[in-house]
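What follows is one structure encoded as structure tokens, with my remarks underneath.
Protein chains: 2
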Amino acid sequence: MARMPTVKDVAEHAGVSVGTVSRVLSGEAAVKPVLREKVNNAISALGYRPNVTARALRTSRTDVIGLVVPDITNPFFAQLAASIERAALECGHSLMLASSHNDSEAEQSHVSAFLDRAVRGIIVVASSDGSGLDLPASVPVISLDRRFGTFPLVSTNHAQAATLIADHLYGLGHRRIAYIAGPTDTEAGRMRKEAFVSRMDGFAKTGEAVELEIAYGRFDYESGERIARNLLSRPAQDRPTAIAAASDQQAIGALRAARDLKIDVPRKLSVTGFDDISLANLVVPRLTTIRQPADMLARRAVSLLLAEPPGTADETVDGSLIVRGSSGPCPQAKADITGHTN
Amino acid sequence: MARMPTVKDVAEHAGVSVGTVSRVLSGEAAVKPVLREKVNNAISALGYRPNVTARALRTSRTDVIGLVVPDITNPFFAQLAASIERAALECGHSLMLASSHNDSEAEQSHVSAFLDRAVRGIIVVASSDGSGLDLPASVPVISLDRRFGTFPLVSTNHAQAATLIADHLYGLGHRRIAYIAGPTDTEAGRMRKEAFVSRMDGFAKTGEAVELEIAYGRFDYESGERIARNLLSRPAQDRPTAIAAASDQQAIGALRAARDLKIDVPRKLSVTGFDDISLANLVVPRLTTIRQPADMLARRAVSLLLAEPPGTADETVDGSLIVRGSSGPCPQAKADITGHTN
DNA sequence: CGGCGGATCGAAAGCGATTCCGCCGGCGCC
DNA sequence: GGCGCCGGCGGAATCGCTTTCGATCCGCCG
Numbered sequence: 074m075a076r077m078p079t080v081k082d083v084a085e086h087a088g089v090s091v092g093t094v095s096r097v098l099s100g101e102a103a104v105k106p107v108l109r110e111k112v113n114n115a116i117s118a119l120g121y122r123p124n125v126t127a128r129a130l131r132t133s134r135t136d137v138i139g140l141v142v143p144d145i146t147n148p149f150f151a152q153l154a155a156s157i158e159r160a161a162l163e164c165g166h167s168l169m170l171a172s173s174h175n176d177s178e179a180e181q182s183h184v185s186a187f188l189d190r191a192v193r194g195i196i197v198v199a200s201s202d203g204s205g206l207d208l209p210a211s212v213p214v215i216s217l218d219r220r221f222g223t224f225p226l227v228s229t230n231h232a233q234a235a236t237l238i239a240d241h242l243y244g245l246g247h248r249r250i251a252y253i254a255g256p257t258d259t260e261a262g263r264m265r266k267e268a269f270v271s272r273m274d275g276f277a278k279t280g281e282a283v284e285l286e287i288a289y290g291r292f293d294y295e296s297g298e299r300i301a302r303n304l305l306s307r308p309a310q311d312r313p314t315a316i317a318a319a320s321d322q323q324a325i326g327a328l329r330a331a332r333d334l335k336i337d338v339p340r341k342l343s344v345t346g347f348d349d350i351s352l353a354n355l356v357v358p359r360l361t362t363i364r365q366p367a368d369m370l371a372r373r374a375v376s377l378l379l380a381e382p383p384g385t386a387d388e389t390v391d392g393s394l395i396v397r398g399s400s401g402p403c404p405q406a407k408a409d410i411t412g413h414t415n
Numbered sequence: 074m075a076r077m078p079t080v081k082d083v084a085e086h087a088g089v090s091v092g093t094v095s096r097v098l099s100g101e102a103a104v105k106p107v108l109r110e111k112v113n114n115a116i117s118a119l120g121y122r123p124n125v126t127a128r129a130l131r132t133s134r135t136d137v138i139g140l141v142v143p144d145i146t147n148p149f150f151a152q153l154a155a156s157i158e159r160a161a162l163e164c165g166h167s168l169m170l171a172s173s174h175n176d177s178e179a180e181q182s183h184v185s186a187f188l189d190r191a192v193r194g195i196i197v198v199a200s201s202d203g204s205g206l207d208l209p210a211s212v213p214v215i216s217l218d219r220r221f222g223t224f225p226l227v228s229t230n231h232a233q234a235a236t237l238i239a240d241h242l243y244g245l246g247h248r249r250i251a252y253i254a255g256p257t258d259t260e261a262g263r264m265r266k267e268a269f270v271s272r273m274d275g276f277a278k279t280g281e282a283v284e285l286e287i288a289y290g291r292f293d294y295e296s297g298e299r300i301a302r303n304l305l306s307r308p309a310q311d312r313p314t315a316i317a318a319a320s321d322q323q324a325i326g327a328l329r330a331a332r333d334l335k336i337d338v339p340r341k342l343s344v345t346g347f348d349d350i351s352l353a354n355l356v357v358p359r360l361t362t363i364r365q366p367a368d369m370l371a372r373r374a375v376s377l378l379l380a381e382p383p384g385t386a387d388e389t390v391d392g393s394l395i396v397r398g399s400s401g402p403c404p405q406a407k408a409d410i411t412g413h414t415n
């Protein structure tokens, strides 16, 4: 196979110097149209393609964005990764992906591997708080969805979104509600829970009291199923009439538990999720949830990263309530008419 | 921030030449233990980290593996990506991910972007046949799951796996079966279908005849739901008693259609999938399917890529049947006793 | 008409590593 | 004892590009 042509070859073929070739390549500097034309002809004649590596060495910059996610298998992160990849591509950048498998050590080694690789910037969807990172970041880093270290955070407005869910459930008449929270060591888990609770407290002060019960788990299916099973295996009058989960996966687990216990959703029990993963629209019944605008998050994160100078302020984008079949009016209303057996 | 130390700094600090430093770095060449020690001390004293870019320029080789998938949002591909990332990491390599969004043009531009970037090798899970690729591949390329161009293929043994499903369904007594096939322009779609059909034909010759009906769609949820809805909206005696789908997503779509039409799975209808995505174990009822050993596929693909010389022969790994709740004995058996109304 | 500033371009100096080439010293062998 | 060979090392070239540094040339002002 013939050696790949270099700037030198192009320069000779066009009868100019390598400097000039480089100048037309970058497009910035002033080059006379005649020469520019000749160079462009030479480039296409030789099929020249710039050597990315050499450029990177010289400028110590690449057009690669590093992304670290806790688990690419998680549909929400997959969605995020897809959106980031698209957003990066739109800016002429490529994506390098690393999955930390929820291991904070792996997470940090991935970050420093990216640093070694002179990436243009790093986006990390944290699985830890990132406190142990020692490397001085020579490139912009931003946290997405969950805070990493002290880097600026782009995330859904968890508080606003959780409030949406609270309003929805309260509006449907539910007064005995269980909240399945996410891990308290994640900002997302904490904020969603706190906003939900404080909204409900607000209702309790101004209107009818609501019984709120909180259970903590991880964000995954199993947690949701296990917790819901506990919640729902009590006698009907002690059961919550609505379960709000901190993630779709928990909610789907809860759906499965309800089904196993033969509790009709949404007629006996309402279930809500958070994320709007694609699966949410495929389970039976379809899940009422919060849509996290993944592509908007991605776009913001990428442009923060690429901005000159890189953005340094947190950003938050609003979620929206997606009402589907898993939530409905509180059955208790009927019970109250026929006589409450409590 | 202080300039990063280079080989030159290390050399000075250790009192040797840069050549020697490089030699101990590579570990291959012969260096006297005394000097080796001094160099290592200097390295850790200065906190030296080799510059990946410079190394790449000089050797025109990196430790990055490029992966192109049709859609990272698809759980099966996400699984595959996760496994590949892990396998790559085990060999000290990183992963660069690109999602082609089922666009063959994007696919090819991603491949050539990888080529530009001097990756160590490229794994592509094709969404097209890759015929339009013009770049001469300067690095090993291998196809995973679906054939890309003329590059060696690592895939599940589709034929063997489809046969497993056919045997399972036939063994349960089903004689009126519908097969939801994948796109005929994918090798996976074709092979699964053909093996299934030919197995059924075999049964027809030696034993009872089976009515086999084939419908073609894409691999996604919607295709499965749509096709199943058509199939199942006929009167009960004309309906298939089993639907075998070419992907889990199709099967899950079919499950949803059956539910919407109030057809009991598995008592009135058996449904089987293909892939064993994690969701398969979460739907109701849990899906009988074929497990594609994603991590084994990934491991094989990576080692083929990294082998010296790179592997050139196709490889195939067997799938295994996972029997869950969505398949059961044919209800027809009963019907036959009470008199077949056909 | 001389000088001056800006536009334009060529030449060369790196970026940080690998690797080839050649020198040096010690060893074995004739 | 001399010669050749080889292990071990230092120095320099090199990978392909960007960018600085002057040099040149032009128009224009005084």
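In the order they appear, the protein sequences are chains A and B. No gaps in the numbering here: position 175 of the first sequence is 248 in my numbering, and each next residue is one more. No gaps in the numbering here: position 260 of the second sequence is 333 in my numbering, and each next residue is one more. Virtual Cβ for every residue (Gly too), placed ideally from N, Cα, C. Only a predicted model underlies this, so the values are computations on that prediction, with no experimental measurement involved.
Between the C-alpha atoms of residue i and residue j, what's the straight-line distance to the nearest angstrom?
i      : j      : result
A/V356 : A/A151 : 19 angstroms
A/V184 : B/S211 : 29 angstroms
B/A239 : A/V141 : 41 angstroms
A/D348 : A/Y294 : 13 angstroms
B/L226 : B/V390 : 11 angstroms
A/N114 : B/G392 : 53 angstroms
B/A129 : B/T314 : 59 angstroms
A/E178 : B/G255 : 41 angstroms
B/S351 : B/R76  : 47 angstroms
A/L304 : A/K335 : 14 angstroms
A/Y121 : A/D258 : 51 angstroms
A/A317 : B/A155 : 30 angstroms
A/V396 : A/A309 : 25 angstroms
B/P213 : A/A261 : 42 angstroms
A/L119 : A/K111 : 12 angstroms
A/S117 : A/V91  : 16 angstroms
In or out: residue i buried (at least 16 other Cβ within 10 Å) or exposed?
i      : result
A/E298 : buried
A/R372 : buried
A/K278 : exposed
B/I195 : buried
B/Q181 : buried
B/G165 : exposed
B/S306 : exposed
A/R272 : buried
A/N175 : exposed
A/S201 : buried
A/P382 : exposed
A/T135 : buried
B/I215 : buried
Taking residue i as part of the beta strand (DSSP E), name the residues at either end of that continuous run.
i      : result
A/S201 : Element bounds for A/S201: n/a, residue is neither H nor E.
B/I145 : B/I145 -> no beta strand (DSSP E), and no H or E assigned at all.
A/A171 : 167-172
B/E286 : 284-289
A/L130 : Here A/L130 belongs to no beta strand (DSSP E); instead the alpha helix (DSSP H) covers 125-132.
Taking the alpha helix (DSSP H) that residue i belongs to, which residues open and close that run?
i      : result
A/Y294 : 294-305
B/S211 : Run containing B/S211: none; DSSP gives neither H nor E here.
B/A239 : 231-244
A/V80  : 80-87
A/T93  : 91-99
B/E388 : Where B/E388 is concerned, there is no enclosing alpha helix (DSSP H), although the beta strand (DSSP E) it sits in stretches over 388-390.
B/T279 : 260-279
B/R372 : 367-379
Contact defined as beta carbons within less than 8 angstroms: I believe residue i pairs with residue j. What is the distance between those atoms, to the nearest angstrom?
i      : j      : result
A/A301 : A/A331 : 7 angstroms
A/V197 : A/L217 : 7 angstroms
A/E138 : A/L328 : Reading the sequence as shown, one finds Ile at residue 138 of chain A and not Glu. About 36 angstroms separates the two Cβ atoms, so there is no contact after all.
A/I325 : A/L285 : About 22 angstroms separates the two Cβ atoms, so there is no contact after all.
A/I253 : A/G290 : 6 angstroms
B/R96  : B/V104 : 5 angstroms
A/V375 : A/A160 : 4 angstroms
Looking at the strands, I want to know which residues DSSP matches up with residue i.
i      : result
B/I138 : B/L168, B/G194
A/I253 : A/A288, A/A318
A/L394 : A/I363
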